[in-house]
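Notes follow once the structure below has been shown.
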Amino acid sequence: MSRLKKILLGIVVFIVAVVVLFLIVIGPWPVYKGSDFTQAAYYREALAAIEREAAKSTISDSPGRLQAGWAARIMTPDIGVPMGGYSGRPDGKRSTGIRDELMAKAIAFSDGADVVVLLGTDMLIMPPNIADLTYEKVAKKSPLVENNIYFTVSHTHCGPGGFAPGLASKISAGEYDPKVPEFLSDVFAEAIVEAYNDMKPALVANGHVNAGDYIRNRTRDAAVDEALTYMLVRQEEGKECYVVRFSAHPTVFGQRMMEFSAEFPGELMRHIEQQTNATAIYLGGAVGSMGPRAPEGATASERVAAMGQALGKLVLDDIIDPAFTAYADVASVSVPVGVPPIQVRPLSPKWRLSPVASKILNVPPEGRVQGARIGNILFVGLPFDTSGELAREWRIRAAEQGWDLWVTGFAGAYLGYLSPDRYYNEVDKDGRLDYETGLMSWLGPNSEAYFGALMNKIIEEFSPAPANAPRPQTVGNL
723 MSRLKKILLG
733 IVVFIVAVVV
743 LFLIVIGPWP
753 VYKGSDFTQA
763 AYYREALAAI
773 EREAAKSTIS
783 DSPGRLQAGW
793 AARIMTPDIG
803 VPMGGYSGRP
813 DGKRSTGIRD
823 ELMAKAIAFS
833 DGADVVVLLG
843 TDMLIMPPNI
853 ADLTYEKVAK
863 KSPLVENNIY
873 FTVSHTHCGP
883 GGFAPGLASK
893 ISAGEYDPKV
903 PEFLSDVFAE
913 AIVEAYNDMK
923 PALVANGHVN
933 AGDYIRNRTR
943 DAAVDEALTY
953 MLVRQEEGKE
963 CYVVRFSAHP
973 TVFGQRMMEF
983 SAEFPGELMR
993 HIEQQTNATA
1003 IYLGGAVGSM
1013 GPRAPEGATA
1023 SERVAAMGQA
1033 LGKLVLDDII
1043 DPAFTAYADV
1053 ASVSVPVGVP
1063 PIQVRPLSPK
1073 WRLSPVASKI
1083 LNVPPEGRVQ
1093 GARIGNILFV
1103 GLPFDTSGEL
1113 AREWRIRAAE
1123 QGWDLWVTGF
1133 AGAYLGYLSP
1143 DRYYNEVDKD
1153 GRLDYETGLM
1163 SWLGPNSEAY
1173 FGALMNKIIE
1183 EFSPAPANAP
1193 RPQTVGNL
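Numbering follows my numbering, with no gaps: position 60 of the sequence shown is 782.
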């Protein structure tokens, strides 16, 4: 064989090897079709885990006296730590300053038999490594275990980055720094343990107000999760805490913002605290497809402040005559759950990325679901940017059973977006999927049905709703 032929053969072999390697590692691979997840082992195991862990809580017609306590910690990292949020930020996403402090706030509840602690954090997501570190550190300082801890984030895009290894995290939150999860888990554990130790006899009232003027569906002409839900908790000596949930993305600031900020949720909390001398805790809701509709302002910072203050005012104006209860059943559950094979479709409804790509991106191999009950208030946490459309539908159905349902996301893991199954194969006029169902719906068809079934299992385990609780009113119409 001549030298030229050998060179040409070598080039051909190299090109073929590169193409084959690319197909194996990246794709595209044909999509898999929807299957009956109810026959899958991961579904049966998830139901069994929820039933087993929920059984550790006692559901009673005559619960004990409610106790509650809360605590707050500053969680702002050092300037220079990357920011979590926008992939297009410059200079490795390194922060350049602090607009306002980031906070971690916890509130603990007990009925004398069971305990749950809700943690609100100014984070983009709650990655598994930080959740696991927090569980470990809390267990060293208290009798609390993972079943007692309910994670939430505000989903600010101006919070700490550098929090987890893997390519996906690097794209959205900068270079991994092991000191960041250690610092954050220390802060979270301190807030959780202090809230637990602060518990005293307390009263609780809850409600919601329509905040549809401050939220929009950024993906399609469809419904929004307009409910601004709240709790007011009052200890015997008069100390108070407001807990507020809303589903708009905290993305009034864009990717040019390089200073840490809690965004409009931080402004909401500060407004309530300044007006009442109470503590205010924010829990991010079902932010999938839900964008903010901030009031006009000369700068983004002014718009952030105006939106947070307007939402805070809505809560305070609505809670003039709270209907307190001193007795409320408390229950909780938190379990890892298996998931179907990853299916990311960035280019076409017919093709997906290779399974190897998900490992390179460091997509978690499992998710987590959380549940908590405080009287007629029911919290369900899922490991997604959960669709606000779904949360609205679920809330209205749950209200018919007597529940005030608060759906939250980023439950100690992150698995992309949970969008309604009805949109999974919907394409635009050019045959393309939208960002949420194509690039960010990682678990394939029937994800809504699967996680909706797990949510229903949590509700079943915590039922029935208390007969004497005020019946929740729905907000808006389907």
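No residue lacks a Cβ here, since even glycine has one placed at the ideal position from N, Cα and C.
In this text the structure is predicted, and so the values were computed from the model without any measurement.
Relative to the alpha-carbon of E989, which residue among G802, D822, W792 has its alpha-carbon at the smallest distance?
Counting from one through the sequence shown, the residue named residue 989 turns up at place 267. Nearest C-alpha to E989: D822.
Counting only the same chain and skipping the five closest in sequence on each side, list residues whose C-beta sits under 7 Å from that of L1176.
Position 454 of the sequence shown, counted from the first residue, corresponds to residue 1176. A768, I772, V1059, V1091, listed in sequence order.
Using DSSP with H/G/I as helix, E/B as strand and the rest coil, what is G934?
By one-based count along the sequence shown, residue 934 stands at place 212. Of the three classes helix, strand and coil, the one that applies to G934 here is helix, per DSSP.
Spell out a yes or no on whether the segment 812–822 and the segment 976–996 are touching, meaning 3 or more CB-CB pairs, one atom from each, closer than 8 Å.
yes
Examine the Cβ distances between the segment 881–899 and the segment 1142–1155 and report whether three or more of them are shorter than 8 Å.
no
If you drop the 5 nearest sequence neighbours on each side, which residues of the same chain put their C-beta closer than 6 Å to that of F1046?
Sequence index remark: in the sequence shown, residue 1046 carries index 324 (1-based). Within the same chain, F1046 has close Cβ partners L925, A927.
Closer than 6 Å by C-beta to A913: which residues in its own chain qualify, once you throw out the five before and the five after it? Chain order, please.
Counted from its first residue, the sequence shown places residue 913 at position 191. The answer, listed in chain order, is A793, R795, A826, A828.
Grouping DSSP H, G and I as helix and E and B as strand, with all else coil, what is F1173?
Start at 1 with the first residue of the sequence shown, and residue 1173 comes out as number 451. Here F1173 sits in helix by DSSP.
Could you check which residue in P865, K901, C880 has the C-alpha nearest to that of E916?
As a first step, residue 916 must be located in the sequence shown, where it is residue number 194. Taking only the C-alpha atoms, the option nearest E916 is P865.
Quick one: give me the first and last residue of the alpha helix (DSSP H) that R1144 is part of.
Here residue 1144 refers to the residue found at position 422 of the sequence shown. Neither: R1144 is in no alpha helix (DSSP H) and is coded neither H nor E.
C-beta contact flag for K859 and A911 at 7 Å
The sequence position of residue 859 within the sequence shown is 137, counting from 1. The sequence position of residue 911 within the sequence shown is 189, counting from 1. Yes, they are a contact pair.
Where DSSP assigns a beta bridge to P882, which residues make up the other side?
Here residue 882 corresponds to residue number 160 of the sequence shown, with the count starting at 1. Beta-bridge pairing links P882 to M805.
Kindly identify the DSSP beta-bridge partner or partners of E1088.
Within the sequence shown, the letter at position 366 stands for residue 1088. Per DSSP, G1060.
Kindly indicate which three-state DSSP category R1025 falls into: helix, strand or coil?
If you number the sequence shown from 1, residue 1025 lands on position 303. In this structure, R1025 counts as helix in the three-state DSSP scheme.
Rounded Cβ spacing between S1054 and S779 (contact assumed at less than 8 Å):
For the purposes of this step, residue 1054 is identified with residue 332 of the sequence shown, where counting begins at 1. For the purposes of this step, residue 779 is identified with residue 57 of the sequence shown, where counting begins at 1. The pair is a contact, with the Cβ atoms about 6 Å apart (cut-off 8 Å).
Measure the beta-carbon distance from M953 to I1099 and round it to whole angstroms, keeping in mind my assumption that it falls under 8 Å.
Numbered from 1 along the sequence shown, position 231 holds the residue referred to as residue 953. Numbered from 1 along the sequence shown, position 377 holds the residue referred to as residue 1099. 7 Å between Cβ atoms; contact.
Could you give the C-beta distance for G1007 and F975, rounded to a whole number, given that I count them as a contact under 8 Å?
In the sequence shown, residue 1007 corresponds to position 285, counting from 1. In the sequence shown, residue 975 corresponds to position 253, counting from 1. Wrong, their Cβ atoms sit about 19 Å apart, outside the cutoff.
Out of G1124, T1001, T1021, state which residue places its alpha-carbon closest to the alpha-carbon of R978.
Position 256 of the sequence shown holds residue 978. The candidate whose alpha carbon is nearest that of R978 is T1021.
Three-state class that DSSP yields for W1073 in the structure shown:
On the sequence shown, residue 1073 is found 351 positions in, with the first residue counted as 1. Residue state, collapsed to three classes: strand.
Environment of K862 [buried if 16+ CB atoms lie within 10 Å]:
The residue labelled residue 862 in the question sits at position 140 within the sequence shown. Counting Cβ neighbours within 10 Å, K862 comes out exposed, since fewer than 16 surround it.
Measuring CB atoms only, is the segment 1008–1020 touching the segment 1107–1121, in the sense that at least three cross pairs come out at less than 8 Å?
yes
Pairwise C-alpha distance: P887 and Y898
Position 176 of the sequence shown, counted from the start, is the residue given in the question as residue 898. Position 165 of the sequence shown, counted from the start, is the residue given in the question as residue 887. Distance between the alpha carbons of Y898 and P887 is about 5 Å.
A1008, DSSP secondary structure in three states:
Sequence index remark: in the sequence shown, residue 1008 carries index 286 (1-based). In this structure, A1008 counts as coil in the three-state DSSP scheme.
What's the gap between the Cα of R816 and the Cα of L1075?
The residue given as residue 816 occupies position 94 in the sequence shown. The residue given as residue 1075 occupies position 353 in the sequence shown. When rounded, the distance between both Cα atoms is 30 Å.
When DSSP builds the beta bridges, which residues end up paired with S1054?
Against the sequence shown, residue 1054 aligns to sequence position 332. A1094, per the DSSP bridge assignment.
Determine whether the beta carbon atoms of T1159 and Y1136 lie at a separation below 7 Å.
Numbered from its first residue, the sequence shown carries residue 1159 at position 437. Numbered from its first residue, the sequence shown carries residue 1136 at position 414. In this structure, Y1136 does not lie closer than 7 Å to T1159 by Cβ.
Just checking my contact of L846 with V875 at CB under 8 Å: how many whole Å lie between their CB atoms?
The count along the sequence shown starts at 1 and reaches residue 846 at position 124. The count along the sequence shown starts at 1 and reaches residue 875 at position 153. Indeed they touch by this definition, with Cβ atoms about 7 Å apart.
With C-beta atoms as the reference, is A895 less than 7 Å away from G1134?
Walking along the sequence shown from the start, residue 895 turns up at place 173. Walking along the sequence shown from the start, residue 1134 turns up at place 412. Against a cut-off of 7 Å, the Cβ pair of G1134 and A895 comes out as no contact.
Among residues of its own chain, excluding the 5 on either side of I871, which ones have a beta-carbon nearer than 6 Å to its beta-carbon?
Along the sequence shown, one-based indexing puts residue 871 at 149. Hits under 6 Å: V839.
Taking buried to mean at least 16 other C-beta atoms within 10 Å of its own C-beta, is M869 buried or exposed?
As a working note, residue 869 is residue 147 in the sequence shown. According to the sequence shown, residue 869 is Asn rather than Met. Per the 10 Å Cβ criterion, buried.
Are the beta-carbon atoms belonging to V966 and V1037 less than 7 Å from one another?
Working through the sequence shown from its first residue, we reach residue 966 at position 244. Working through the sequence shown from its first residue, we reach residue 1037 at position 315. Their beta carbons are under 7 Å apart, which means V966 touches V1037 by this criterion.
Nearest-angstrom Cα distance between A1032 and A770?
What you label residue 1032 is simply residue 310 of the sequence shown in a count that begins at 1. What you label residue 770 is simply residue 48 of the sequence shown in a count that begins at 1. When rounded, the distance between both Cα atoms is 43 Å.
Under 7 Å between C-beta atoms of L824 and G881
Position 102 of the sequence shown holds residue 824. Position 159 of the sequence shown holds residue 881. Closer than 7 Å, so yes.
Which of helix, strand or coil does DSSP assign to W1164?
On the sequence shown, residue 1164 is found 442 positions in, with the first residue counted as 1. Coil at W1164, not helix or strand.
Taking the alpha-carbon of G834 as reference, which of K1035, I1042, A1048 has the nearest alpha-carbon?
Within the sequence shown, residue 834 is the residue found at index 112, counting from 1. Considering only alpha carbons, the answer is A1048.
Once DSSP output is grouped into helix, strand and coil, what is the label at Y765?
To locate residue 765, count along the sequence shown from 1; it is residue 43. Y765: helix per DSSP, three-state reduction.
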